[in-house]
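Numbering follows the working numbering, in which position 69 of the sequence shown is assigned residue number 111; successive positions increment by one, without gaps.
We put the beta carbon where it would ideally sit given N, CA and C, even for glycine.
Nothing here was measured: the structure is a model prediction, and the numbers come from that model.
All remarks here apply to the structure that follows.
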Amino acid sequence: MDRRSVALLLFLALGVWSESTEDSVGVLFFQRDFPEKVVEGDVVNVTYTLVNVGNGAVYSLSTSDSALVKHKALKLTSGTPKKEKSILEAGESTTFSLEAKTIKAGDFMISPAEVEYASSLTEEAEIRRGFSTLTNYIEIESLEAYKKRTDLHLDVLGVFALLASLLTIAPLALYFSTSSSLKVPSVVKKTQ
């Protein structure tokens with residue numbers, strides 16, 4: 043089981059526990075997801091998912107991701123991590139995404155994104171603050187290292203092509219050279 047699955051199960055268990063202890067309470071599961079290994083210069087899709095796993099609605103949701111916006115290895119190209127939603131009913135989910143370009147190679151940690159929400163619409167409503175389930179780690183490979191790792195070297199390709207052609211041509215040449223030198227008996231007799 044990966045880290046994301048464990049986190050989801052824990053939050054679902056929290057939702058079930060809160061359902062048995064309180065009436066009509068919304069509990070949010072918040073996750074930020076993006077590829078863990080990319081190449082410098084790639085544009086990555088960052089997806090945010092909010093799921094109300096409680097048994098009541100949550101109100102005035104507001105998300106932010108200052109760790110991603112200010113990160114030295116990523117630059118936002120489209121979208122924004124600041125989203126607002128007025129209500130999220132029990133069992134409902136919402137997803138949004140943005141794109142960021144990788145601008146620096148290395149291994150980086152990106153702190154969790156944040157979410158704030160209220161348990162009701164009244165002024166006395168408790169404002170809750172939460173974070174995305176996991177700290178994300180991203181490995182950004184340099185373009186040079188990527189090319190070195192993935193380029194097909196011509197010398198290796200040349201040796202492979204030569205061996206493949208010899209293994210195909212040599213048996214055929216041997217077959218045809220021996221079959222033409224064999225004397226085939228004539229089945230037709232000459233008549234006078």
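(request) Below 7 Å CB to CB, which residues in the same chain sit around TYR217 once its five sequence neighbours on both sides are set aside? (result) none
(request) Let me know if LEU204 comes out buried or exposed under the rule of 16 or more other beta-carbons within 10 Å of its beta-carbon. (result) exposed
(message) Just verifying my parser: in three-state terms, what is the DSSP assignment at GLU186?
(response) helix
(message) Taking the alpha-carbon of PRO77 as reference, which of LEU130, LEU140 and LEU92 has the nearest alpha-carbon?
(response) LEU140
(request) Note the first and the last residue of the continuous beta strand (DSSP E) segment covering SER108. (result) Unbroken run through SER108 is the alpha helix (DSSP H), 108-111; no beta strand (DSSP E).
(request) Report yes if the CB atom of GLU82 is closer than 7 Å to the CB atom of SER207, and no otherwise. (result) no
(message) Tell me which residue opens and which closes the beta strand (DSSP E) that LEU163 is part of.
(response) Where LEU163 is concerned, there is no enclosing beta strand (DSSP E), given that its DSSP letter is neither H nor E.
(message) Measuring straight from C-alpha to C-alpha, what distance separates GLU134 and TYR179?
(response) 28 Å
(request) Kindly examine the ligand ATP and report whether one of its heavy atoms sits closer than 6 Å to the Cβ of ASN97. (result) For the structure depicted, the ligand ATP is absent and the ligand set is empty, with no information on it obtainable.
(request) Leaving aside the five residues before and after PHE173 along the sequence, list all residues of the same chain whose C-beta is less than 8 Å from its C-beta, in chain order. (result) PHE72, PRO154, ALA155, GLU156 and VAL157
(request) Would you check if the distance between the CB atom of VAL266 and the CB atom of VAL86 is smaller than 7 Å? (result) Residue 266 is absent from the structure shown; the chain starts at 43 and stops at 234.
(message) In the DSSP assignment, the beta strand (DSSP E) including LYS142 goes from what residue to what residue?
(response) Before going on, a small fix: residue 142 reads as Ala here, not Lys. It spans 135-144 - the beta strand (DSSP E) in which ALA142 sits, taken as one unbroken run.
(request) Report yes or no: do three or more beta-carbon pairs, one from the stretch 141-152 and one from the stretch 93-102, lie closer than 8 Å? (result) no
(request) Taking only the alpha-carbon atoms, compute the straight-line gap between THR144 and LYS189 and give it to the nearest angstrom. (result) 16 Å
(message) With DSSP as the reference, identify every bridge partner of VAL88, one or two as the case may be.
(response) LEU140
(message) Going by beta-carbon coordinates alone, are ALA142 and LEU116 separated by less than 7 Å?
(response) yes
(message) On the criterion of 16 or more Cβ atoms from any shown chain inside 10 Å, does ALA215 qualify as buried, or is it exposed?
(response) exposed
(request) Please list, in chain order, all residues of the same chain as SER120 whose beta carbon is under 8 Å from its beta carbon, the five residues on each side excluded. (result) LEU140 and GLU141
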